[in-house]
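These notes are about the structure you will find just below.
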Amino acid sequence: DQQVKQNSPSLSVQEGRISILNCDYTNSMFDYFLWYKKYPAEGPTFLISISSIKDKNEDGRFTVFLNKSAKHLSLHIVPSQPGDSAVYFCAASGGSSARQLTFGSGTQLTVLP
Amino acid sequence: DAGVIQSPRHEVTEMGQEVTLRCKPISGHDYLFWYRQTMMRGLELLIYFNNNVPIDDSGMPEDRFSAKMPNASFSTLKIQPSEPRDSAVYFCASSLTLGVPDTQYFGPGTRLTVL
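Chains H and Y are the protein sequences, given in the same order. Residue numbering for the first sequence follows the numbering used here, beginning at 1 and increasing consecutively. Residue numbering for the second sequence follows the numbering used here, beginning at 114 and increasing consecutively.
As structure tokens, then:
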């Protein structure tokens, strides 16, 4: 049973436009959410996070939105750059497994020049 | 900081052989995690340690898998005997209790191929 779902395996966006990556979760005990970016042959790197007490967190070109009632979060990248091309993982933690991260299956973002 | 260090980066072995993967966490981090990434199952947590003590090993697939953390700067993940279905990328990650909650820092991974 996947508690964190990324339903889009891939996304292509033109350089300069907005990229929107989506993530849904089922466990209402999750209270912290993170996005990781992964390049080929490298480990995932932390990108941005949000606590469940907020509905938005912004860091430069990256903004994460959280809709607790819908159990949905999204990552917006504006403007998208070719260097943003990577696999993006959504992750969540909280409840009895507070120290563990549950990852989604990832979305491959390709930013076209 | 050097980040999380894993060795080897690539390992090719034959079925039935013992495989040992190594990890050095970021200095001062008191949590260490072992993950496995496959096409079928994505990124899954195998085991994690706090202050060198295993906390949750429920993700370890079989008794063929074992992990140790003899000190704060070193951990191993051992597979004995290895099987072709163990082929995957294995990641080690570490985090700091007093840091941003649950932000884990990953190593570059070990790509394991079992023939």
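Beta carbons: idealized from backbone N, C-alpha and C, even for Gly.
**Asked** Could you give the distance in angstroms between the alpha-carbon of H/Pro82 and the alpha-carbon of H/Lys54?
**Response** 30 Å
**Asked** What in chain Y is Cβ-close to H/Leu109, meaning under 7 Å?
**Response** The contacting residues do not exist; H/Leu109 stays about 16 Å from chain Y at best.
**Prompt:** Which runs of the beta strand (DSSP E), 3 residues or longer, sit entirely within the region 83-113 of chain H?
**Reply:** 86-94, 97-103 and 107-112
**Message:** For a contact defined as C-beta to C-beta under 9 Å, what are the partners of Y/Thr189 on chain H?
**Reply:** The premise fails here: Y/Thr189 is roughly 18 Å from chain H at the closest Cβ pair, so nothing lies under 9 Å.
**Asked** Does the distance from the CB of Y/Ala201 to the CB of Y/Leu145 come in under 9 Å?
**Response** no
**Request:** Mark H/Arg17 as exposed unless 16 or more other C-beta atoms lie within 10 angstroms of its C-beta, in which case mark it buried.
**Result:** exposed
**Prompt:** Taking the Cβ atom as the reference point for each residue, do H/Lys37 and H/Phe89 lie within a distance shorter than 9 Å?
**Reply:** yes
**Message:** Pop quiz: H/Gln100 and Y/Tyr161 are said to be a contact at Cβ under 8 Å. What is the actual Cβ separation, rounded to whole angstroms?
**Reply:** 7 Å
**Request:** If I'm right that Y/Leu190 touches Y/Val125 with Cβ under 8 Å, what's the distance once you round it to whole angstroms?
**Result:** At roughly 17 Å, the Cβ-Cβ gap does not stay under 8 Å, so Y/Leu190 and Y/Val125 are not in contact.
**Request:** Check the DSSP bridge columns for H/His72 and list the partner residues they point to.
**Result:** H/Asp24 and H/Asn67
**Unbroken beta strand (DSSP E) run spanning Y/His123, endpoints** = His123 to Thr126
**Request:** State yes or no: is the beta carbon of H/Glu58 nearer than 9 Å to at least one beta carbon in chain Y?
**Result:** no
**Three-state class that DSSP yields for Y/Arg198 in the structure shown** = helix
**Asked** Which residues mark the beginning and the end of the beta strand (DSSP E) in which Y/Thr151 is found?
**Response** Tyr144 to Thr151
**Message:** Against Y/Phe162, what residues of chain H qualify as contacts under a CB-to-CB distance less than 7 Å, listed in chain order?
**Reply:** Within 7 Å Cβ-Cβ: nothing; Y/Phe162 doesn't reach chain H, min ~10 Å.
**Prompt:** Would DSSP call Y/Thr223 helix, strand or coil?
**Reply:** strand
**Request:** Tell me, please, whether the CB atom of H/Phe89 is closer than 9 Å to any CB atom in chain Y?
**Result:** yes
**Message:** Is the beta carbon of Y/Asn165 closer than 9 Å to that of Y/Pro183?
**Reply:** yes
**Request:** Please list the partners that Y/Gly141 has in chain H, where partner means a Cβ-to-Cβ separation under 8 Å.
**Result:** The contacting residues do not exist; Y/Gly141 stays about 16 Å from chain H at best.
**Message:** Would H/Tyr25 pass as an interface residue toward chain Y - the criterion being a Cβ-Cβ separation below 9 Å?
**Reply:** no
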